[in-house]
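Trainee:
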Amino acid sequence: MPEEYDILIKNASIVDGTGAPAYRGALAVKGDRVAALGKVEGDLMAAAETIIDGEGLVASPGFIDVHNHGDLSILYYPEAESFVRQGITTFVGGQCGNSPGPFGEYIGLPWVLGDLYVDLAPTLFNREWLIPRETLNPRHRELFGWEIDWNTMGEFFERVEAKGLSPNFAPLVGQGDVRSLVMGPDFEREATPDEIDEMTGHVERAMEDGCIGISVGRDYDPGIYASFDEFLACAKVAAKSGASTRATASAPGTGSPGGPGSSLRSRQRGSWRPSTSAGRRGCLSRFPTSAPATTSGPSGATSWPRRR
Ligand SMILES: [Zn+2]
4 MPEEYDILIK NASIVDGTGA PAYRGALAVK GDRVAALGKV EGDLMAAAET IIDGEGLVAS
64 PGFIDVHNHG DLSILYYPEA ESFVRQGITT FVGGQCGNSP GPFGEYIGLP WVLGDLYVDL
124 APTLFNREWL IPRETLNPRH RELFGWEIDW NTMGEFFERV EAKGLSPNFA PLVGQGDVRS
184 LVMGPDFERE ATPDEIDEMT GHVERAMEDG CIGISVGRDY DPGIYASFDE FLACAKVAAK
244 SGASTRATAS APGTGSPGGP GSSLRSRQRG SWRPSTSAGR RGCLSRFPTS APATTSGPSG
304 ATSWPRRR
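For reference, each letter of the sequence shown is one residue, going 4 to 311 in the numbering used here.
Here it is in structure tokens:
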């Protein structure tokens with residue numbers, strides 16, 4: 004009597020994720036688990052509700068997208084079909100210093116709302132990093148039927164869980180959003196010690212709420228104005244929870260020569276070192292190459308939020 008499975012993928016090239024060479028075999032699923040792999044008893048004869056012929060195809064574990072901004076769009080597209088169709092089953096969100104919280108009076112640009120931002124604050128190239136929540140929400144409600152009504156990352160996670168989501172989500176808290184919460188639109192400067200102290204409290208809360216690390220973005224508002232000490236203080240608090248630090252150094256063309264964070268040395272100092280100095284593992288998740296800037300405007304501006 005063949006084993007009963009829900010799904011059987013047969014004749015596939017199996018890449019099992021252990022580093023072993025690919026082999027031809029079958030993969031059986033029961034419920035939400037892989038129930039058998041490779042030498043499935045009864046293999047091609049196994050009974051299953053759905054049988055998929057994997058001839059010419061690869062069956063592998065899901066891919067992890069380690070630099071992703073899907074957390075800023077998961078409430079809008081909870082099924083995340085663009086991930087699933089690429090084989091991505093886990094994403095690390097909150098990169099580049101940008102996460103969907105913590106928010107206060109102002110909302111840091113969720114990139115999925117780019118068109119809405121331009122709608123509210125027309126601009127040719129550089130979108131504003133912050134927009135008042137009370138300006139954003141009425142139009143947001145018109146378009147989507149709901150408002151951005153959370154403050155903390157924990158409250159955001161509750162919204163995500165209520166809607167459900169397809170992929171696994173490994174959240175980072177963005178240092179840029181913590182910075183914006185404390186400094187508001189007055190972010191084009193270094194933070195004071197009191198402000199840094201306040202930021203660390205928000206980072207601590209985000210860690211308690213379930214974030215697995217912190218990210219910094221050195222190439223655009225508002226992180227481009229942050230000092231090394233500010234990053235370090237935030238990274239240290241995150242490190243207490245065993246968190247890691249993700250840093251994003253400048254992308255080609257988005258830093259102004261001579262501006263804060265514009266030299267390679269200052270980028271490295273400002274973005275990479277806080278994690279190692281905080282005694283935790285870090286990950287430099289994007290780094291500039293020597294490629295020339297990709298420009299779209301007379302000032303060399305790109306479509307990214309950037310220092311004015
Ligand atoms: Zn990014």
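Ideal Cβ placement from N, Cα and C applies to all residues, glycine included. Everything numeric in this text was worked out from a predicted model, so none of it was measured.
Would you check if the distance between the CB atom of Asn132 and the CB atom of Leu112 is smaller than 8 Å?
Mentor: A quick correction: the sequence has Trp, not Asn, at residue 132. Cβ distance < 8 Å, so Trp132 and Leu112 count as in contact.
Trainee: Could you tell me the distance, in whole angstroms, from the CA atom of Asp19 to the CA atom of His143?
Mentor: Those two C-alpha atoms are separated by around 44 Å.
Trainee: Measuring only the C-alpha atoms, how far is His70 from Ser218?
Mentor: One C-alpha to the other measures close to 10 Å.
Trainee: Around the C-beta of Ala39, are 16 or more other C-beta atoms found within 10 angstroms, so that it is buried, or is it exposed?
Mentor: Classification for Ala39: buried.
Trainee: DSSP state of Ser183, grouped into three classes?
Mentor: DSSP places Ser183 in helix when its eight states are reduced to three.
Trainee: Please identify the residue among Gly107, Gly167 and Ala165 whose C-alpha is closest to the C-alpha of Asn140.
Mentor: Measuring from the Cα of Asn140, the nearest candidate turns out to be Gly107.
Trainee: Determine the closest residue to Gly57 out of Lys13, Asp212 and His72, with distance taken between C-alpha atoms.
Mentor: When only C-alpha atoms are compared, the closest one is Lys13.
Trainee: Can Tyr8 and Ala49 be called in contact, C-beta distance under 8 Å?
Mentor: Their beta carbons are under 8 Å apart, which means Tyr8 touches Ala49 by this criterion.
Trainee: If you draw a straight line from the alpha carbon of Pro263 to that of Thr155, how long is it in whole angstroms?
Mentor: The pLDDT assigned to Pro263 is 42, lower than 50, so where the model puts this residue is not dependable, and the model offers no usable value.
Trainee: Check whether the Cβ atoms of Gly97 and Pro170 lie closer than 8 Å to each other.
Mentor: Cβ distance not < 8 Å, so Gly97 and Pro170 don't count as in contact.
Trainee: So if DSSP puts Ile54 in a beta bridge, which residue, or which two residues, is it bridged to?
Mentor: Per DSSP, Leu11.
Trainee: To the nearest angstrom, report how far apart Phe160 and Ile151 are at their CA atoms.
Mentor: The straight-line gap from Cα to Cα measures roughly 13 Å.
Trainee: By how many angstroms is the C-alpha of Ile17 removed from the C-alpha of Pro105?
Mentor: Their backbone Cα atoms lie some 42 Å apart in a straight line.
Trainee: What is the residue span of the beta strand (DSSP E) that Tyr120 lies within?
Mentor: Looking at the DSSP string, Tyr120 is not in any beta strand (DSSP E); the run it does join, the alpha helix (DSSP H), is Gly117 to Leu123.
Trainee: For the 8 Å Cβ check, are there 3 or more pairs between the region 83-97 and the region 192-208?
Mentor: No, they do not touch.
Trainee: Which residue's Cα is closest to the Cα of Glu191: Leu235, Ile227 and His72?
Mentor: The option with the nearest alpha carbon to Glu191 is Ile227.
Trainee: Among the candidates Ser244, Asp222, Gly187 and Leu116, whose CA atom is the shortest distance from the CA of Gly73?
Mentor: Minimum Cα distance to Gly73 is reached at Leu116.
Trainee: Among Ser76, Leu30, Arg36 and Glu82, whose alpha-carbon lies nearest the alpha-carbon of Ile54?
Mentor: Ranking Ser76, Leu30, Arg36 and Glu82 by Cα distance to Ile54 puts Leu30 first.
Trainee: Taking the CB atoms as reference points, tell me whether Ser102 and Gly177 lie closer together than 8 Å.
Mentor: Closer than 8 Å, so yes.
Trainee: Please indicate yes or no: does the CB of Gln178 lie closer than 7 Å to some heavy atom of ligand 1?
Mentor: Every heavy atom of ligand 1 is 7 Å or more from the Cβ of Gln178, so no.
Trainee: Within the present structure, is the beta-carbon of Asp205 separated from the nearest heavy atom of ligand 1 by less than 7 Å?
Mentor: It is worth fixing the name first, because residue 205 is His in this sequence and not Asp. The answer is no for His205.
Trainee: Are there 16 or more other CB atoms within 10 angstroms of the CB of Pro135, so buried, or fewer, so exposed?
Mentor: Label assigned to Pro135: exposed.
Trainee: Please list, following the chain, all residues that have a C-beta closer than 5 Å to any non-hydrogen atom of ligand 1.
Mentor: That query returns the following residues: Gln98 and Cys99.
Trainee: Please check the pair Tyr109 and Ser183, which I expect to be a contact at CB under 8 Å, by giving their CB distance rounded to whole angstroms.
Mentor: Indeed, because the Cβ distance is near 6 Å, the residues count as touching under 8 Å.
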